[in-house]
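Read top to bottom, the protein sequences are chains Y and C. Quick note on my numbering: the first sequence kicks off at -8 and runs consecutively. Quick note on my numbering: the second sequence kicks off at 304 and runs consecutively.
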Amino acid sequence: MDMKAFNFLTIALVALVLTAGKAPKYEVGDAVADFKLKNVDGKNVSLSDYKTSKGVIVIFDCNTCPYSKAYNERIIGLNKKYASQGFPVIAINANDPGVSPGDSFEEMVAVAKSKKYEFPYLVDQSQAVAKAFGASNTPHVFVLKLVDSTFKVAYIGAIDNNTRDGASADKKYVEEAVDALLTGKPVSTEKTKAIGCGIKWKNA
Amino acid sequence: MRMIRCVFTFLVLFGAQLCAAQEVRIIKFQELEKIIHTESSQIQVINFWATWCGPCVKELPVFEKLNSQGRSDVKVTLINLDFADQLKKVNTFLERKNVKSETLLLDEIDYNSWIDKVDESWGGAIPATLVINSRTGQRKFVEKELTEAELENLIADVYN
């Protein structure tokens, strides 16, 4: 093998190894870049629209996953409880409707209407926001705290420790995290695994 | 009338016995842990799935085929993660799909208390598959839908 071919192979191999590595994603403490996505009402919503709140509860969610359905009332409840205290919910659906037809924009509009969502339900059509966050499942929560006009990740993971029944959950991770942030205390559990369905990525 | 009802009940019960592919047993994590840590000459292939999970259902035939080969060196176990109150639905599903691989319904709702014990890399989605060779201590865990070739490769990876 001549040297040029060898060099080319080496470069190709290195490139392959680099791209095979996991994409960067947010960890607790990281600053979150702004995003702008279309809401079910047709208007765009940006994270920067929330600069007057204390933080936000970003939830990657969808219409179709049984875990999302089981958590639906609890997500509505989180917004009811915390929007007025400065931590509103922003729900984002990143599922590719080509893979999961029940997650089309029209179906999202229907769900938001029938469940009377009082918070945005955004469509992440390019899936870029879900990828930037490192969201993998639905529902997958990222509690963001606004610090000096920058949103920083304060909690990543599940809503609570009972996927089936919120009343039986004895660890309400998101509520505990937001309560801690509201009272200026450290978040005791900063990361859990978001049990749920895998986000339906576009077929490559 | 009572007689008819009695005969009918008998037929239903007996018929169900004859036709049922298998009756799924509900287990707790302790039992799954026992399965994972069993000293066995067989390679253990443990697949985590649910009836509502499209990719899981799609890959089931891959595990069924492996199981049907009757290999003495491989044991297939399907761990179902439907909610326990859906047991009837799971049984009906297995019967309809004629699933023969041993299936257990894991009733452990506090996932964060146990999924790291299956594998620390598990992000919490299914399908997921664990392949273990207890003789060598080798194990492979994947959190994605598998093809027949990919499953064979996983088994080969832990073989020696």
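All C-beta atoms in this analysis are idealised placements derived from N, C-alpha and C, irrespective of residue type, glycine included.
Those residues which DSSP pairs with residue i across a bridge
| i | result |
| --- | --- |
| Tyr58 of chain Y | DSSP output for Tyr58 of chain Y lists no bridge partner at all. |
| Arg442 of chain C | C:Ile435 |
| Leu381 of chain C | C:Asn350 and C:Thr406 |
| Arg328 of chain C | C:Leu407 |
| Tyr112 of chain Y | Y:Ala82 |
| Tyr146 of chain Y | Y:Val134 |
| Phe51 of chain Y | Y:Ile83 and Y:His131 |
| Ser105 of chain Y | Per DSSP, none; premise fails for Ser105 of chain Y. |
| Asn30 of chain Y | Y:Leu113 |
| Asn456 of chain C | The partner list for Asn456 of chain C (beta bridge, DSSP) is empty, contrary to what the question assumes. |
| Val416 of chain C | In the sequence on display, residue 416 of chain C carries Ser and not Val. Ser416 of chain C is not bridged to any residue. |
| Ala22 of chain Y | Y:Lys143 |
Proximal chain C residues relative to residue i, where beta-carbon distance stays under 9 Å
| i | result |
| --- | --- |
| Gly33 of chain Y | Correct list: empty, because the minimum Cβ distance to chain C is about 29 Å. |
Proximity test, Cβ basis, 9 Å: residue i and chain C
| i | result |
| --- | --- |
| Ala103 of chain Y | no |
| Cys188 of chain Y | yes |
| Gly12 of chain Y | In this prediction, Gly12 of chain Y has a pLDDT of 44, which is less than 50 and means its spatial position is unreliable; what the coordinates show is noted afterwards. Closer than 9 Å: no. |
| Ala149 of chain Y | yes |
| Lys162 of chain Y | yes |
| Ser159 of chain Y | yes |
Residue-chain proximity (residue i, chain Y), Cβ-Cβ < 9 Å
| i | result |
| --- | --- |
| Phe396 of chain C | no |
| Asp419 of chain C | yes |
| Glu453 of chain C | no |
| Glu367 of chain C | no |
| Val334 of chain C | Here residue 334 of chain C is Glu; the residue named in the question, Val, does not match the sequence. So no, Glu334 of chain C is outside the interface. |
| Glu446 of chain C | yes |
Contact set between residue i and chain C, taken where Cβ atoms lie within less than 8 Å
| i | result |
| --- | --- |
| Ala185 of chain Y | Gly426 and Gly427 |
| Asn152 of chain Y | Ile412, Asp413, Tyr414, Asn415 and Ser416 |
Residue i: contacting residues in chain Y (beta-carbon distance under 8 Å)
| i | result |
| --- | --- |
| Cys356 of chain C | Cys188 |
Listed by chain order, chain Y residues near residue i by CB distance under 7 Å
| i | result |
| --- | --- |
| Phe386 of chain C | Arg155 |
Under 7 Å from the C-beta of residue i: neighbouring residues of chain C
| i | result |
| --- | --- |
| Pro88 of chain Y | Going along chain C, no residue has its Cβ under 7 Å from Pro88 of chain Y, so there is no contact; the nearest lies around 14 Å. |
| Pro57 of chain Y | Trp355 |
Rounded Cβ spacing between residue i and residue j (contact assumed at less than 8 Å)
| i | j | result |
| --- | --- | --- |
| Ala135 of chain Y | Gly46 of chain Y | Position check: residue 135 of chain Y holds Leu in this sequence, whereas Ala was assumed. Their Cβ separation, rounded to whole angstroms, is 5 Å, which keeps Leu135 of chain Y and Gly46 of chain Y in contact under 8 Å. |
| Gln325 of chain C | Thr406 of chain C | 6 Å |
(request) Identify each residue in the segment 125 to 147 of chain Y for which the Cβ-Cβ distance to at least one residue of chain C is less than 7 Å, and report them in chain order. (result) Ser127 and Asn128
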